[in-house]
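J.: Be aware that the sequence shown starts at 547, since it is given in our numbering, and climbs by one per residue. Built from N, CA and C at the ideal position, the CB exists for glycine as well. Below is a structure I'd like to ask you about.
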Amino acid sequence: MSLRTKLLLGYMIFVAALVVLGVWSAWHLREMGGVSRRIISNNYDSVVAAQEMKESLERQDSAALFALAGQSERAAAQLREHRALFDAAFAKAANNITEPGEREVIESISRDRDAYDELFDAFLDKVGRGAVEQETRARDEYFARLEPRFNRLRADCEALLQLNQRAMLAKSERAAGVARRWFLATLLIAGALVGAGLALAFFLAARIVRPLRELTATTARIARGDLEARARVVSNDEVGVLAAEYNRMAEALRQLRRSDLGELLVARQTTEAAIDSLYDPLLVTDANGCIVRLNKAAEEIFGAESENAGRHVEEIARARPIAFAVAEALNSRRPVAGEGAASVLPLSVDGAERAFRLRTTPMRDGDRGLLGAVTLLEDITHLREIDRLKSEFISTASHELRTPLTSVQMGVHLLLEGAAGELAAKQREVLEACREECERLERLMRGLLDLSRIESGAERLHPAPLRAVSLIRDATERLRPQVESKGIVLRVDAAPCASSVLADREQIERVVTNLITNSVRHTPRGGEIRVGIAERGNGTVAFMVSDTGCGIPPEYLPRIFDKFVQVPGVESGGAGLGLAISERIVEAHGGRISAQSEVGRGSTFTFTLPVALEASKSAEPRFESFDDSRNERGGGSQRKQT
């Protein structure tokens, strides 16, 4: 028997039960309607006839009063009208004798009516001839002869009324009893049919669902990799056919696993499992930048893979640098690895903010064709916390050292001024060296304090739209005397740029000052320092400081913006913090800074700032409290040139 036949059979049984219950209920409702009709035809008509006879009798009695009042014509008219109504009602009651004793009452009414009419006619005749001369005598005679007959006739009508009313009440009670018995019988039949239907439904459901559950369990085993599982075929219906075909499919899967394609599928499943098991969030995009895969960690940030698959990375990325890095990796077909504080992405994960560093690598096939890109968000929250503690320690230590250093400087200064008497030449030489070292130590602590304030976020930016030309000229003109006193030529090339940038004037002038001072330190007398600006097509303005000095060796170039890095062989004039501070300031503005150099031919430092229109749409710039941890990770990669 097929599954369709089983279902149809179950439904037909239900329909048959409903038909039986409906026929039973309709038949008994029809019987109840017949009882109601019989009550109306047998008794209700007699009750109405008795009421009408009583009312007509009352009207006939009132005609005597009109006769006594001298209105004989009105009395005669009223008497004729209501005698006719009485006779019609009496005829209706006489033709509807259905109860025991009703015929005797009808005969009594007929006799009393004839006697009453005869006496009433004689009374009216006497009143009409004037035989009754006084009203009092007439009333007395009326009440003496007619009133007893009137009361007897009215009592007969009341007896007919009460007889039929009692019969109606008795029949109504009997009908109610029958209705209750039929109701209980109908309810019992309906309950029995419902119980039988539920039993049949559970039976059919069990017969149908049990094979499906076994098939589901077999499917789960195959999904877990047990391709030896087989579904049990227990019937020839559609479920049995499905189980048989399922076994054939499992056999095909077993053969496929043993083939090369099966090995590829296993390798793919292994790769996907490895991606999902990564702790750091990972995004896989195709060659157009659309999402292909998200691992479990990435789904916690960007949402489920099923919701984001096929969408462009710009639509789901919470941080614009992710989309920029994917686009750059796809366009340049080279890895993009962000370094420094600007490459740190603060993202919310489970309600807590975590810090991630961006790594994007293009994917290629065996023929070096572009397949897409893999973006890894490296969780460096713990490094950020370590760096914060380190910055706080440096800040506290530098602040505490300033007081004793100031005391030492004052003591050395007083000794050199002769406060303790005349000094010998050798003593003065030693004190001069001490003063220089104290000044160098003071510059070091001042730089450390400035850097710690920037990294901790205590130093806020106050950006405003500034003309790039005026910004660069104001910064260089203050340094021109110092540069030219070293015998170095300072040139400013800012003519073609007319854009404005959104920047903090004081901080950007500090960056320019650090770069020019660094170039002065590495450029011999007779050299040249050139400062210029150029507008780029990506919404930024580039500021360049180049010199003709000794240059930077290649092994130092990747770490030139790290703290305390100084190129050997050059006279040191600082603590090696100027370029690190400059990098933090530029990145806090949303820009990038880079260095290019060739030994013996000079160096060029370039930093970018966003134009005022684009920058005004973004959030207020701020200093990041994170320092990139390349030293802790054992070195870093080459900085991407701006």
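(1) Could you tell me which residues DSSP puts in a beta bridge with Q1142?
(2) Please work out which residues of its chain come closer than 8 Å, Cβ to Cβ, to L761, disregarding the five sequence neighbours upstream and downstream, and give them in chain order.
(3) Enumerate in chain order the residues of its own chain whose CB-to-CB distance from F696 is below 6 Å, with the five nearest sequence positions on each side excluded.
(4) Could you check if A1010 is buried or exposed, using at least 16 other CB atoms within 10 Å of its CB as the buried criterion?
(5) Quick one: grab the DSSP three-state call for R910.
(6) Specify the secondary structure class of V1111 as computed by DSSP and reduced to three states.
(7) Could you tell me if R1193 is buried or exposed, where buried requires 16 or more neighbouring beta carbons within 10 angstroms of its beta carbon?
(8) In the DSSP output, which residue or residues are listed as bridge partners for T1086?
(9) Using the beta-carbon count (16 or more within 10 Å), is V561 buried or exposed?
(10) Going straight from the alpha carbon of G1085 to that of A769, what length do you get?
(11) How would you call N710, buried or exposed, if buried means at least 16 neighbouring beta carbons within 10 angstroms?
(12) Using beta carbons (cut-off 8 Å, strictly below), is E774 in contact with chain D?
(13) Quick check on this structure: which residue in Y557, E1030, A1080 and I1018 has the alpha carbon closest to the alpha carbon of F748?
(14) Within 10 angstroms of its Cβ, does S1162 collect 16 or more other Cβ (buried), or is it exposed?
(15) Who are the near neighbours of V882 in its chain, counting only those whose CB is closer than 6 Å to its CB and skipping five residues on each side?
(16) For D667 and E693, I'd like the C-alpha separation in whole angstroms.
(17) Kindly identify the DSSP beta-bridge partner or partners of V519.
(18) Short of 6 Å in beta carbon distance, which residues of its chain neighbour A677, apart from the five on each side in sequence? Order them along the chain.
(19) What do you reckon, are the CB atoms on S602 and T732 nearer than 8 Å?
(20) Please state the DSSP three-state secondary structure of S1045.
(21) By DSSP's criteria, S894 is part of a beta bridge. Which residues make up the other side?
(22) Give the secondary structure of A775 by DSSP, where H, G and I count as helix, E and B as strand, and everything else as coil.
(23) Could you pull the DSSP bridge partners for A836 from this structure?
(24) Taking its Cβ as the centre, do 16 or more other Cβ atoms sit within 10 Å of R620, making it buried, or is it exposed?
(25) When we look at the beta-carbon of S1140 and count the other beta-carbons within 10 Å, is it buried (16 or more) or exposed?
(26) D658 and L699 - do their beta-carbons sit closer together than 8 Å?
(27) Between V566, G918, L828 and L773, which has its C-alpha nearest I735's C-alpha?
(28) Let me know the secondary structure DSSP gives G737 once reduced to three states.
(29) On the three-state DSSP scale, how would you describe A970?
(30) For L564, which residues in the same chain have their Cβ closer than 7 Å to its Cβ, ignoring the five residues on either side in sequence?
(31) At a cut of 8 Å, does the segment 720-728 reach the segment 751-761 through at least three beta carbon pairs?
(32) Is it the case that the segment 1093-1108 contacts the segment 1146-1154, given that we only count it when at least three CB pairs across the two stretches are under 8 Å?
(33) I'd like to know whether the C-beta atoms of V890 and A901 end up nearer to each other than 8 Å.
(34) From S618, A705 and A919, pick the residue whose C-alpha is nearest to that of E650; which is it?
(35) Can you find the residues in the same chain that come closer than 6 Å, C-beta to C-beta, to E1055, ignoring five residues on each side of it along the sequence?
(36) By the DSSP assignment, the beta strand (DSSP E) with G918 in it spans what residues?
T.: Once the coordinates are examined:
(1) Within the sequence shown, the letter at position 596 stands for residue 1142. Beta-bridge annotation (DSSP): Q1142 is paired with T1150.
(2) The residue labelled residue 761 in the question sits at position 215 within the sequence shown. Short of 8 Å from the beta carbon of L761, and not among the five residues preceding or following it, lie these beta carbons of its own chain, in chain order: A777, V785, L788, A789 and Y792.
(3) Stepping through the sequence shown from its first residue, residue 696 is reached at position 150. D607, listed in sequence order.
(4) As a working note, residue 1010 is residue 464 in the sequence shown. Burial call: exposed.
(5) Working through the sequence shown from its first residue, we reach residue 910 at position 364. DSSP, reduced to helix, strand and coil, places R910 within a strand of the structure shown.
(6) Numbered from its first residue, the sequence shown carries residue 1111 at position 565. V1111 falls in the coil class under three-state DSSP.
(7) Because the chain spans 547 through 1188 in this model, residue 1193 falls outside it and cannot be assessed.
(8) The residue labelled residue 1086 in the question sits at position 540 within the sequence shown. Per DSSP, P1156.
(9) Here residue 561 corresponds to residue number 15 of the sequence shown, with the count starting at 1. V561 should be labelled exposed.
(10) On the sequence shown, residue 1085 is found 539 positions in, with the first residue counted as 1. On the sequence shown, residue 769 is found 223 positions in, with the first residue counted as 1. Spanning the two alpha carbons is a distance of roughly 52 Å.
(11) Counted from its first residue, the sequence shown places residue 710 at position 164. Under this definition N710 is a buried residue.
(12) Looking for chain D here will not work: only one protein chain is present.
(13) Along the sequence shown, one-based indexing puts residue 748 at 202. Looking at Y557, E1030, A1080 and I1018, the one whose alpha-carbon comes closest to that of F748 is Y557.
(14) Translated into positions along the sequence shown, residue 1162 becomes position 616. Only weak support exists for where S1162 lies, its pLDDT of 41 falling under 50; the value from the coordinates is given anyway. With fewer than 16 other Cβ atoms within 10 Å, it is exposed.
(15) Counting from one through the sequence shown, the residue named residue 882 turns up at place 336. A871, E874, A875 and T906, listed in sequence order.
(16) Along the sequence shown, one-based indexing puts residue 667 at 121. Along the sequence shown, one-based indexing puts residue 693 at 147. One C-alpha to the other measures close to 14 Å.
(17) Residue 519 is absent from the structure shown; the chain starts at 547 and stops at 1188.
(18) Looking up residue 677 in the sequence shown gives position 131. Here the model assigns A677 a pLDDT of 47, short of 50, so the residue's position is not dependable, and the following value carries that caveat. Taking C-beta separations shorter than 6 Å and ignoring five residues to either side along the sequence, A677 has no partners in its chain.
(19) Your numbering for residue 602 matches position 56 in the sequence shown. Your numbering for residue 732 matches position 186 in the sequence shown. No, they are not a contact pair.
(20) Taking the sequence shown and counting its residues from 1, one reaches residue 1045 at position 499. It is coil, neither helix nor strand.
(21) Taking the first residue of the sequence shown as 1, we reach residue 894 at position 348. Bridge partners of S894: E899.
(22) Reading the sequence shown from its first residue, position 229 is the one you call residue 775. Correct three-state label for A775: coil.
(23) Locating residue 836 in the sequence shown gives position 290, where the first residue counts as 1. The displayed chain sequence assigns Cys, not Ala, to residue 836. Per DSSP, H858.
(24) Position 74 of the sequence shown, counted from the start, is the residue given in the question as residue 620. Burial call: exposed.
(25) The count along the sequence shown starts at 1 and reaches residue 1140 at position 594. The residue is buried, with at least 16 neighbouring Cβ atoms inside 10 Å.
(26) Against the sequence shown, residue 699 aligns to sequence position 153. Against the sequence shown, residue 658 aligns to sequence position 112. With respect to D658, L699 sits close: the two C-beta atoms are nearer than 8 Å.
(27) Counting from one through the sequence shown, the residue named residue 735 turns up at place 189. Across the set V566, G918, L828 and L773, the C-alpha of V566 shows the shortest separation from the C-alpha of I735.
(28) What you label residue 737 is simply residue 191 of the sequence shown in a count that begins at 1. Looking at G737 - three-state DSSP - the assignment turns out to be helix.
(29) Start at 1 with the first residue of the sequence shown, and residue 970 comes out as number 424. A970: coil per DSSP, three-state reduction.
(30) Indexing the sequence shown from 1 puts residue 564 at position 18. Same-chain partners within the cutoff: there are none.
(31) With a cut-off of 8 Å, the segment 751-761 and the segment 720-728 do not count as touching, because too few Cβ pairs lie within range.
(32) Touching, yes, given that three or more Cβ pairs across the two stretches are closer than 8 Å.
(33) Working through the sequence shown from its first residue, we reach residue 890 at position 344. Working through the sequence shown from its first residue, we reach residue 901 at position 355. In this structure, A901 lies closer than 8 Å to V890 by Cβ.
(34) By one-based count along the sequence shown, residue 650 stands at place 104. Checking every option, the nearest Cα to that of E650 belongs to A705.
(35) Here residue 1055 is taken as the residue at index 509 of the sequence shown, counted from 1. If we look at E1055 and ignore the five residues flanking it on each side, its Cβ neighbours are A1021.
(36) For this step, residue 918 is matched to residue 372 along the sequence shown. Annotation for G918: the continuous beta strand (DSSP E) segment containing it runs L916 to D925.
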